[in-house]
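Written out below as structure tokens is the structure these notes cover.
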Amino acid sequence: MSHSNCFHCALPVPPNDEFQVEIDGELQSVCCPGCKAVAELIRDAGMSRYYSMRDAPLPGRGKPADDQAEWQMFDRADMLAAFAVSEDTKAEATVYVGNMYCAACSWLIETTLARLHGVASARVNPITHRLNVAWNTTETGLGSILATLARLGYAPQPLAPESAARPEITEQRLALKRLLVASLGMMQVMMFAIGLYAGDYQGMAPTMQGFLRLVSFVVATPVVLYAARPFFVAAWRGVKSRTPGMDLPVSIAVGAAYAASVYAMLTNGPAVWFDSVTMFVFFLTLGRFLEMRARHRSIDRSSALSNVLPNTATRLRDGELQIVPVAQLEKDDHLSIRPGESIPADGTIMAGKTTVDESLLTGEATPVTRKIGDAVIAGSINLDGPIQVRVRSTGSNTMLGTISRLSEHARYARPAYVQLADRMASYLVVAILFVAAAVGLYWALHAPERAFVITLSVLVVTCPCALALATPAAFAAAATRLTERHLLLTNGDAIEVMARATTVLFDKTGTLTIGRPEITSTTLLSDGFDEATCLAYAAALETVSTHPIARAFSGNDIPVVASAQSVSVGRGVEGTIDGQTCRLGSHEFATAQGAPAAVDQSNATSVYLAVGGRPVARFTLADQLRADAIRTLRAIRKLGLKTGLVSGDNEPSVATVAHALEIADYHADCTPESKLEIIRRAQRAGETVVMVGDGINDALVLAGADASIAPGHGALLAQTSADIVMLGDCLEPVLSALRMARQTMRIVRQNLLWAILYNAAALPLAALGYVPPWAAAIGMSMSSLVVVLNALRLSRFT
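The sequence shown runs 905 to 1702 under this note's numbering.
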């Protein structure tokens, strides 16, 4: 390492600093007193060889934290309950150790903690960077352990017990073990089979033949009893429920081949099929493993989202800063969030100004500026300024929690296409069993010595595994890829519908526009009200509205209180202020008149305030188009789809947007009912309609469309009625969803065609005796692998 870099953390040493530490008789330069202290700690503990064992560190790795006093907060009883499993005086916790970079770090951590008084054990997994540590609570505490790690230059983060282990990880590990047993067994049995096949042609001593059969039996037995166990369990479950699945013929084939081979080995029969059994189990297990990984990718995405939340938060209460578990946060708590920290809950900034990184949640790579009064979302990163935040929602009620919940819902949903494929596979299983029985009976009458082998080949080669996997594998991969593109699928049937869509209709406000309208002017229509009073009345009324226009008034002070508020969807909001009935919305709604008298004819959106049935103010609002709107709509039309615009805004403002986006078919002054009628009219004309609009205010319209997409609006995600929710400020995900839907159905058709052609070709060949069991095992397994691998191509679709 160059003398200009710190010996401990590899950062450049400032020219005027003269910090040095003696390691193994040599003076080494370090960049700061912290690195000097850590290096001396390692040296004095007799662990200097750590520096010779480690890989070259990345600059900054291992540099100690500036403030370590906060770790002592983890010695509190509530923190121990949140992050450790304790019994009497014994406690155990899992800690994620940041800044690890090589195996020597594991040795250093384990050795250092082993010497810490009260620590019973410390084990580090260098792959996952997780430390499992156990200690005596009467002798030391979790805070002391974390502080020791921090002094070594690591960034420890205690994990809650429920986050330390994930069920899908356990499932994956078990599946990997079964795959390993199957692969090793297959390779060994195939080696013995080569000798047996050679003996059939060149002759072999009976004792050697018996020995090779015996060792094949020994190796194949754990493959059948352990690796193939899920097939037998699933087959028996299907038999008990009278819904036979594809595991039934698989289990019959594996069990029959294994039993017949054992019988032939004991009676010195003409042949054994241990090689076919192990090969069959291996390829089937491999196909299941790949399909499972496709499913788990969506879980990995959800876990990545949940892991962005910090485990603790700094709460400001009674003038004091308290470090508490995130699970203990409540609505209206005040939090202090420093630069570089993750925001633990949805809330509103009460003090400070900063930029935040919301890329993991919204897909927007550019950090956004947030100031007093602005909303921040859990999981985003505070980049460059200290802020104080008042908590609005926590846990599963945050936008992050809602995203995870919607993803979970989509993961367990079974689209109609998948259910149809399952039913087809179930019927085919029964048909295959009858066909195999008929083939076996025929050969038993004409060539009894070949009946078992041929029947076995028919059972194996015609197993509808490929057919059963064709659809669900593709839909699972598509759902995962959509999530990665910040599209939350809430209805699995939407993929099939969008693939055959012919028309895409868009709402204007909050869909084609960014959904953050601003008041550009206020026109007073009555002498008895001033502008401030009108804005206050409007803000008080809009407190119950979720429409994007309501946000234009939310930043104003509300010195008045509205009661008896009610929302008329698509028209406005009504309430009582100071004993008078007030309305805010369209001119017709605000004044309760049927004719649009005195309506503003500009190309902006107008909202009217009426008090006691008398219009008192007109607010003119402007909203910007989404930056990629024109590009996205042009690309949608290139796919051969029609585009249209339906909006409740006035004719001039809708026409302006329609002309800017080259939309010829547009409708203004629409109520939800008239929007629905437009959709119904298109459907009667044979169109398949996708509606893109507000998932809450356009709920009736979205439900009436064949498929629907809605922009996500924070905590309101939970209330959306759309089939797909798109996150971020871009419209491009609509195009991605349409293209992904088409590609998914293309993959499904390819998979189904392959499965049908394969079975149609393989069945007669096997029934005629041209396919030996080992070839049947390869053919069936490879057909399943082809289907799964073809579906996984969707994971790379752009």
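Cβ atoms here follow ideal geometry from the backbone N, Cα and C, with glycine treated the same way. Predicted model only: the values in this text are computed from it and were never measured.
- Message: Strictly by DSSP, which residues pair up with Phe1523?
- Response: Under the DSSP definition of a beta bridge, Phe1523 partners with Thr1426, Val1511.
- Distance, Cα to Cα, Ser1430 vs Gln1469? Ser1430 and Gln1469 have their C-alpha atoms roughly 23 Å apart.
- Query: Name the DSSP beta bridge partners of Asn1286, please?
  - Reply: According to DSSP, which records beta bridges pairwise, Asn1286 is partnered with Val1260.
- Count the other C-beta atoms from every protein chain shown that fall within 10 angstroms of the C-beta of Met1091, then say buried if there are 16 or more, exposed otherwise. With fewer than 16 Cβ atoms within 10 Å of its Cβ, Met1091 is classed as exposed.
- Using DSSP bridges, identify the partner residues of Val1594. Val1594 pairs with Val1408, Ala1611.
- Roughly how many angstroms separate the alpha carbons of Ala1466 and Gly1414, rounded to a whole number? If I take the Cα positions, the gap works out to 26 Å.
- Query: In terms of residue numbering, what span does the beta strand (DSSP E) encompassing His1021 cover?
  - Reply: That residue, His1021, is in no beta strand (DSSP E); it is neither H nor E in DSSP.
- Message: Helix, strand or coil for Gln1106? Go by DSSP, reduced to three states.
- Response: Here Gln1106 sits in helix by DSSP.
- For Ala1026, the residue or residues it bridges with in DSSP: Bridge partners of Ala1026: Val1037.
- Item | For Phe1523, the nearest candidate out of Gly1544, Pro1319, Gly1489 (CA to CA) | Just measuring C-alpha positions, the residue of Gly1544, Pro1319, Gly1489 sitting nearest Phe1523 is Gly1489.
- Task: Helix, strand or coil for Arg1697, going by three-state DSSP, please let me know.
- Result: If DSSP states are grouped into helix, strand and coil, Arg1697 belongs with the helices.
- According to DSSP, is Met1091 helix, strand or coil? If DSSP states are grouped into helix, strand and coil, Met1091 belongs with the helices.
- Query: Does DSSP put Glu930 in a helix, in a strand, or in coil?
  - Reply: In this structure, Glu930 counts as strand in the three-state DSSP scheme.
- Query: Whose C-beta lies closer than 6 Å to the C-beta of Phe1121 among residues of the same chain, with five residues either side of it excluded?
  - Reply: The residues are Met1169.
- Could you pull the start and end residues of the alpha helix (DSSP H) that Met977 belongs to? First-last for Met977: undefined, no H or E at that position.
- Query: DSSP puts Glu996 in a beta bridge; with which residues?
  - Reply: According to DSSP, residue pairing for Glu996 in a beta bridge involves Val989, Ala1038.
- Span of the alpha helix (DSSP H), counted from its first residue to its last, around His1491: 1491-1495 is the extent of the alpha helix (DSSP H) around His1491.
- Item | Residue from Phe987, Glu1435, Ser1425, Val1143 whose Cα sits closest to the Cα of Thr1216 | Ranking Phe987, Glu1435, Ser1425, Val1143 by Cα distance to Thr1216 puts Phe987 first.
- Message: Considering only their Cβ atoms, is the gap separating Met1150 from Ala1372 smaller than 7 Å?
- Response: Between Ala1372 and Met1150, the C-beta spacing is below 7 Å.
- Message: DSSP three-state label for Ala1217, please.
- Response: Three-state result, Ala1217: strand.
- Starting from Asp1569, follow the beta strand (DSSP E) in both directions and report where the run begins and ends. For Asp1569, the enclosing beta strand (DSSP E) starts and ends at 1569-1571.
- Task: Tell me whether Leu1373 sits in a helix, a strand or coil according to DSSP, three-state version.
- Result: Leu1373: helix per DSSP, three-state reduction.
- Give the straight-line distance between the Cα atoms of Glu1478 and Ala1562, rounded to the nearest whole angstrom. So the alpha carbons of these two residues sit roughly 30 Å apart.
- Item | Gly1103 beta carbon less than 7 Å from that of Val1127 | No, the Cβ-Cβ distance between Val1127 and Gly1103 is not below 7 Å.
- Item | Pick from Tyr1570, Leu1698, Thr1359, Ser1551 that is closest to Gly1673, judged by C-alpha positions | Selected option, being the one with the closest Cα: Thr1359.
- In chain order, what residues of the same chain have a beta carbon less than 8 Å from the beta carbon of Ala943, not counting five sequence neighbours either side? Here the set comprises Phe911, His912, Val925, Ile927, Gln932, Val934.
- Message: Let me see if you follow: with CB-CB separation under 7 Å, is Ile1307 close to chain B or not?
- Response: Judged by its chain identifiers, the structure shown contains no chain B, having just a single protein chain.
- Item | Val1343 versus Val1364: straight-line alpha-carbon distance, rounded | Whole-angstrom Cα-Cα distance: 13 Å.
- Helix or strand or just coil, what does DSSP make of Cys1009? Taken through DSSP and simplified to helix, strand or coil, Cys1009 comes out as helix.
- Item | Cβ distance (whole Å) where Gly1283 is taken to contact Ser1246 below 8 Å | At roughly 7 Å, the Cβ-Cβ gap stays under 8 Å, so Gly1283 and Ser1246 are in contact.
- Message: If I measure Cβ to Cβ from Asp1236 and keep anything under 8 Å in the same chain, skipping five residues before and after, which residues do I get?
- Response: Cβ neighbours of Asp1236 beyond the five flanking positions: Arg1294, Val1295.
- Where does Trp1140 land, buried or exposed, given buried means 16+ other C-beta within 10 angstroms? It counts as exposed.
- Query: Looking at the structure shown, is Asn1663 part of a helix, part of a strand, or coil, going by DSSP?
  - Reply: The DSSP-derived three-state label of Asn1663 is helix.
- Pull up the distance between the alpha-carbon of Val1448 and that of Val1471, whole angstroms please. Cα-Cα distance, rounded: 8 Å.
- Look at the alpha carbon of Gly1516 and the alpha carbon of Thr1485, and state the distance between them as a whole number of angstroms. Rounded to the nearest whole angstrom, the C-alpha separation of Gly1516 and Thr1485 is 5 Å.
- Query: Span of the alpha helix (DSSP H) holding Thr1437?
  - Reply: Start and end: 1435-1446.
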